[in-house]
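Some notes on the structure that comes next.
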Amino acid sequence: MNRMSSAPPTESHVTEDGRTIGPVLMELRNITLRFGGVVAIKDISFDIREGEIRAIIGPNGAGKSSMLNVISGFYRPSEGEVWFEGARRPAMRPYKVARQGIARTFQNIALFSGMSTLDNIMTGRITRMKSSLLSQALWWGPAEREESDHRAAVEKIIDFLEIQHIRKTPVGRLPYGLQKRVELGRALAAEPRLLLLDEPMAGMNVEEKEDMSRFILDVNDEFGTTIVLIEHDMGVVMDLSDRVVVMDYGRKIGDGPPEEVRASKDVIDAYLGVAHD
Amino acid sequence: MTDLLYAVEVMINGLMAGVLYALVALGFVLIFKASGIFNYAQGVLALFAALTLVGLQEGQVPFAHLINAAFGTDLHYFGWQLPAVVAIVLTIGVMVLLAIAIERLILKHLVNQAPIILFMATIGLAYFLEGFGDIMWGADIKTLDVGLPQGGSAWLEQATAGWGGENFYGFFIDRLDIVATLVAAVLVISLTLFSQYSKQGRALRAVADDHQAALSVGISLRFIWVLVWSIAGIVALVAGIMWGAKSGVQFSLSLIALKALPVLMLGGFTSIPGAIVGGLIIGVGEKLFEFTVGPMIGGATENWFAYVLALVFLVFRPQGLFGERIIERV
Numbered sequence: 001m002n003r004m005s006s007a008p009p010t011e012s013h014v015t016e017d018g019r020t021i022g023p024v025l026m027e028l029r030n031i032t033l034r035f036g037g038v039v040a041i042k043d044i045s046f047d048i049r050e051g052e053i054r055a056i057i058g059p060n061g062a063g064k065s066s067m068l069n070v071i072s073g074f075y076r077p078s079e080g081e082v083w084f085e086g087a088r089r090p091a092m093r094p095y096k097v098a099r100q101g102i103a104r105t106f107q108n109i110a111l112f113s114g115m116s117t118l119d120n121i122m123t124g125r126i127t128r129m130k131s132s133l134l135s136q137a138l139w140w141g142p143a144e145r146e147e148s149d150h151r152a153a154v155e156k157i158i159d160f161l162e163i164q165h166i167r168k169t170p171v172g173r174l175p176y177g178l179q180k181r182v183e184l185g186r187a188l189a190a191e192p193r194l195l196l197l198d199e200p201m202a203g204m205n206v207e208e209k210e211d212m213s214r215f216i217l218d219v220n221d222e223f224g225t226t227i228v229l230i231e232h233d234m235g236v237v238m239d240l241s242d243r244v245v246v247m248d249y250g251r252k253i254g255d256g257p258p259e260e261v262r263a264s265k266d267v268i269d270a271y272l273g274v275a276h277d
Numbered sequence: 001m002t003d004l005l006y007a008v009e010v011m012i013n014g015l016m017a018g019v020l021y022a023l024v025a026l027g028f029v030l031i032f033k034a035s036g037i038f039n040y041a042q043g044v045l046a047l048f049a050a051l052t053l054v055g056l057q058e059g060q061v062p063f064a065h066l067i068n069a070a071f072g073t074d075l076h077y078f079g080w081q082l083p084a085v086v087a088i089v090l091t092i093g094v095m096v097l098l099a100i101a102i103e104r105l106i107l108k109h110l111v112n113q114a115p116i117i118l119f120m121a122t123i124g125l126a127y128f129l130e131g132f133g134d135i136m137w138g139a140d141i142k143t144l145d146v147g148l149p150q151g152g153s154a155w156l157e158q159a160t161a162g163w164g165g166e167n168f169y170g171f172f173i174d175r176l177d178i179v180a181t182l183v184a185a186v187l188v189i190s191l192t193l194f195s196q197y198s199k200q201g202r203a204l205r206a207v208a209d210d211h212q213a214a215l216s217v218g219i220s221l222r223f224i225w226v227l228v229w230s231i232a233g234i235v236a237l238v239a240g241i242m243w244g245a246k247s248g249v250q251f252s253l254s255l256i257a258l259k260a261l262p263v264l265m266l267g268g269f270t271s272i273p274g275a276i277v278g279g280l281i282i283g284v285g286e287k288l289f290e291f292t293v294g295p296m297i298g299g300a301t302e303n304w305f306a307y308v309l310a311l312v313f314l315v316f317r318p319q320g321l322f323g324e325r326i327i328e329r330v
């Protein structure tokens with residue numbers, strides 16, 4: 001599947017499969033991240049365009065998750081700037097980043113295990129709930145109407161992800177693959193502008209992977225959600241993504257459409273291993 | 001027949017004492033659920049709330065001793081008496097301010113620390129608040145009177161007097177206990193509804209489950225902590241009013257926290273209904289035990305019965321009646 005995209009950053013264009021890739025939504029400029037003496041990310045720049053699926057790949061310990069944590073505000077970069085929707089983003093706590101419309105999933109599933117599937121996805125809408133503490137407490141008219149509106153939105157997501165049968169099940173009891181799906185549902189419930197997926201298919205079997213790939217493509221296609229995903233499975237990455245950033249030892253060693261990246265000598269070296277002399 | 005009626009009376013009184021235990025336990029459960037902190041200061045929180053309520057109601061000048069010592073004045077009272085309702089609302093305000101201060105000065109700096117560290121911090125908080133309350137409002141024993149009815153219910157006594165034989169004079173039930181039961185019921189129902197159906201309640205449960213995930217959906221941990229400590233402060237105020245009206249506001253009020261411990265072991269640290277049921281079981285259990293076994297072994301069993309019962313529970317059901325099951329995965 002060829003989903004090339006290489007237009008100037010301010011213009012929109014339409015891909016071969018009919019999706020519109022818009023102007024730049026987020027730009028990372030010269031990001032460096034240090035933990036004490038360890039450099040996790042070294043001077044990396046790239047952009048994410050509206051409506052595209054952007055993959056970040058690289059061997060273990062390349063700094064992919066760190067990069068995602070910088071985007072979602074969980075880590076504060078030591079140097080460099082994050083630009084979102086045309087403005088430089090000041091240092092910001094993660095919950096504020098979430099309120100800007102950036103939702104995420106985690107590599108090691110972070111769900112509210114005591115709550116049901118429905119309640120978990122409902123928490124995803126917290127940033128969209130408006131009514132005040134008082135009217136909530138007294139269960140006044142606006143609060144009640146709001147709750148049912150949000151319920152309707154959540155039911156739609158549940159239908160979309162085909163998890164009707166586990167609506168009331170506490171998620172702690174669900175198998176791994178379904179938990180990952182619920183976590184995606186929770187992120188979707190926020191109706192994010194930018195969706196960050198940290199290894200959405202890790203530990204899944206082939207069938208589950210196929211399902212998840214389909215959901216990711218559908219989210220992107222139907223809602224036009226911009227997606228950044230980290231993935232190990234090269235086949236999946238090549239199929240899903242419009243553009244790929246390749247990281248190795250905290251540096252960026254490749255950036256471009258999948259087939260271009262796959263052909264790059266640096267990338268092949270990084271994945272297969274080559275003697276450094 | 002008469003004996004049976006006495007037993008019933010003892011049970012009813014036990015249930016009502018249990019409600020008071022449950023009120024204190026509830027404060028613990030709320031904070032433990034939301035932040036995994038065992039709040040050692042909960043009892044002192046109740047004492048501080050009661051002190052503040054009495055002080056505001058009687059128009060006491062806060063920090064009077066300190067001010068008088070520093071400026072050579074002789075201030076003690078503003079010279080007003082606030083209506084109970086106004087004083088209670090103001091005290092709630094003070095408890096919310098206290099919650100904000102606790103978050104700003106303590107919790108904020110201990111994010112991601114082990115639970116034992118946070119537990120130690122609440123021990124420090126308990127001793128600080130104890131002293132702070134003394135300096136602010138004075139260390140003398142105060143009477144708390146917010147107009148709650150006191151003494152046995154004559155109506156109930158007369159209504160039931162005919163049930164037994166000659167030696168039965170009707171049920172003696174303290175009206176304060178009846179009020180406490182009603183208040184506790186309202187409190188529990190509204191807290192349950194709040195945590196199940198409101199945005200903040202859902203956020204609160206989310207934070208209790210997973211901090212990272214809560215952040216990722218846009219929940220501010222700091223706001224939730226202030227909220228939880230505020231609610232715990234208000235529950236402490238209610239407990240403080242009930243116990244204070246019963247036996248005066250003084251240091252020993254903070255020791256009611258010790259009564260809540262066995263309740264928590266029974267009901268589980270994470271369950272609101274558990275706190276209630278646990279409180280009731282302890283209340284009824286200790287009264288009935290005193291009534292039946294007490295005379296045989298010289299009485300005063302109420303001091304230790306609750307702890308023994310809790311120990312038995314620890315052996316057979318360490319997570320409590322309603323607590324989350326402890327599953328160890330290997």
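Line by line, the protein sequences give chains A and B. Oh and the first sequence: position 197 is 197 in UniProt numbering, straight run, nothing missing. Oh and the second sequence: position 43 is 43 in UniProt numbering, straight run, nothing missing. Each residue gets a CB set at the ideal place from its N, CA and C atoms; glycine is no exception.
Listing by chain order, which chain B residues have their CB less than 8 Å from the CB of residue i?
| i | result |
| --- | --- |
| residue 114 of chain A | 205, 208, 209, 324 |
| residue 67 of chain A | Correct list: empty, because the minimum Cβ distance to chain B is about 16 Å. |
| residue 225 of chain A | Simply none; closest approach about 16 Å. |
| residue 167 of chain A | Here the premise fails: no neighbours, minimum Cβ distance about 16 Å. |
| residue 190 of chain A | 217, 218 |
Who are the neighbours of residue i on chain A, taking C-beta pairs under 7 Å?
| i | result |
| --- | --- |
| residue 186 of chain B | Near residue 186 of chain B there are no residues of chain A at all, since even the closest Cβ is about 13 Å away, more than 7 Å. |
Is it buried or exposed, residue i, if we count other Cβ atoms within 10 angstroms and call 16 or more buried?
| i | result |
| --- | --- |
| residue 150 of chain A | buried |
| residue 332 of chain B | This structure cannot settle anything about residue 332 of chain B, because the visible part of chain B is limited to 1 through 330. |
| residue 88 of chain A | exposed |
| residue 170 of chain B | buried |
| residue 145 of chain A | exposed |
| residue 292 of chain B | exposed |
| residue 140 of chain B | exposed |
| residue 2 of chain A | Confidence in residue 2 of chain A is poor, its pLDDT being 44 and thus under 50, which makes the residue's placement unreliable; the coordinate value appears in the next sentence. Residue 2 of chain A comes out exposed. |
| residue 6 of chain A | Residue placement at residue 6 of chain A is flagged as unreliable, the pLDDT there being 49, under the threshold of 50; the coordinate-derived value follows with that caveat. So residue 6 of chain A ends up on the exposed side. |
| residue 130 of chain A | exposed |
| residue 193 of chain B | exposed |
| residue 229 of chain B | buried |
| residue 313 of chain A | Outside the shown range of chain A (1 to 277) lies residue 313 of chain A, about which nothing can therefore be said. |
Give the single residue among the options whose Cα lies nearest to the Cα of residue i.
| i | options | result |
| --- | --- | --- |
| residue 210 of chain B | A/79, A/34, A/163, A/183 | A/183 |
| residue 223 of chain A | A/79, A/11, A/19, A/170 | A/19 |
| residue 254 of chain B | B/134, B/99, B/19, B/90 | B/134 |
| residue 281 of chain A | A/194, A/68, A/177 | Residue 281 of chain A lies beyond the range of chain A shown here (1 to 277); nothing can be said about it. |
| residue 196 of chain B | A/44, A/12, A/116 | A/116 |
| residue 57 of chain B | B/250, B/284, B/147, B/226 | B/147 |
| residue 166 of chain A | A/121, A/48, A/104, A/228 | A/121 |
| residue 283 of chain B | B/252, B/13, B/9, B/8 | B/13 |
| residue 241 of chain A | A/258, A/254, A/251 | A/258 |
| residue 101 of chain B | B/252, B/321, B/225, B/304 | B/225 |
| residue 229 of chain A | A/71, A/15, A/263, A/147 | A/71 |
| residue 53 of chain A | A/109, A/39, A/21, A/68 | A/21 |
| residue 90 of chain B | B/234, B/110, B/138 | B/234 |
| residue 204 of chain A | A/190, A/49, A/251, A/109 | A/109 |
Tell me the DSSP bridge mates of residue i?
| i | result |
| --- | --- |
| residue 102 of chain A | A/194 |
| residue 256 of chain A | A/244 |
| residue 83 of chain A | A/27, A/88 |
| residue 154 of chain B | DSSP, once it has assigned bridges, lists no residue as partnering residue 154 of chain B. |
| residue 262 of chain A | For residue 262 of chain A, which the question treats as bridged, DSSP gives no partner whatsoever. |
| residue 228 of chain A | A/54, A/196 |
| residue 60 of chain B | B/77 |
Quick one: which chain B residues come within Cβ less than 9 Å of residue i?
| i | result |
| --- | --- |
| residue 57 of chain A | Those within 9 Å of residue 57 of chain A in chain B number zero; the least Cβ separation is about 22 Å. |
List, in order along the chain, the chain B residues whose C-beta lies closer than 7 Å to that of residue i?
| i | result |
| --- | --- |
| residue 203 of chain A | Going along chain B, no residue has its Cβ under 7 Å from residue 203 of chain A, so there is no contact; the nearest lies around 16 Å. |
| residue 122 of chain A | 202 |
| residue 95 of chain A | 215, 218, 219, 220 |
| residue 99 of chain A | 218 |
Check the Cβ of residue i against every Cβ in chain A and list those closer than 8 Å, keeping chain order.
| i | result |
| --- | --- |
| residue 212 of chain B | 74, 106, 110 |
Members of the region 217 to 248 of chain B near chain C, C-beta cut-off 7 Å: Protein chains in the displayed structure are A and B, and chain C is not among them.
Does the region 103 to 120 of chain B come within contact of the region 36 to 44 of chain B, defined as at least 3 CB pairs closer than 8 Å? Contact between the region 103 to 120 of chain B and the region 36 to 44 of chain B is present, because at least three Cβ pairs lie under 8 Å.
Taking contact to mean 3 or more Cβ pairs, one atom from each stretch, closer than 8 Å, check whether the region 24 to 38 of chain A and the region 152 to 171 of chain A are in contact. Because the criterion of three Cβ pairs below 8 Å is not met, the region 24 to 38 of chain A and the region 152 to 171 of chain A do not touch.
The region 17 to 26 of chain B / the region 180 to 188 of chain B touching (three or more Cβ pairs under 8 Å): Output reads yes: the region 180 to 188 of chain B touches the region 17 to 26 of chain B.
Would you say the region 216 to 230 of chain B touches the region 92 to 108 of chain A, given that touching needs at least three Cβ pairs under 8 Å? As far as the Cβ criterion goes, the region 216 to 230 of chain B touches the region 92 to 108 of chain A, which means the pair count is three or higher.
Within the chosen definition, does the region 243 to 263 of chain B reach the region 36 to 56 of chain B through at least 3 CB pairs nearer than 8 Å? Yes: the two stretches touch, three or more of their Cβ pairs being nearer than 8 Å.
Three or more C-beta pairs below 8 Å linking the region 80 to 87 of chain B and the region 42 to 49 of chain B: With the cut-off at 8 Å, the region 80 to 87 of chain B and the region 42 to 49 of chain B do not touch.
With a threshold of 8 Å, are at least 3 pairs of Cβ atoms found where one atom belongs to the region 103 to 110 of chain A and the other to the region 185 to 198 of chain A? Between the region 103 to 110 of chain A and the region 185 to 198 of chain A there are three or more C-beta pairs closer than 8 Å, enough to call the two in contact.
Determine contact between the region 61 to 71 of chain B and the region 265 to 281 of chain B, defined as no fewer than three beta-carbon pairs at a distance below 8 Å. Taking 8 Å as the limit for Cβ pairs, the verdict is that the region 265 to 281 of chain B does not touch the region 61 to 71 of chain B.
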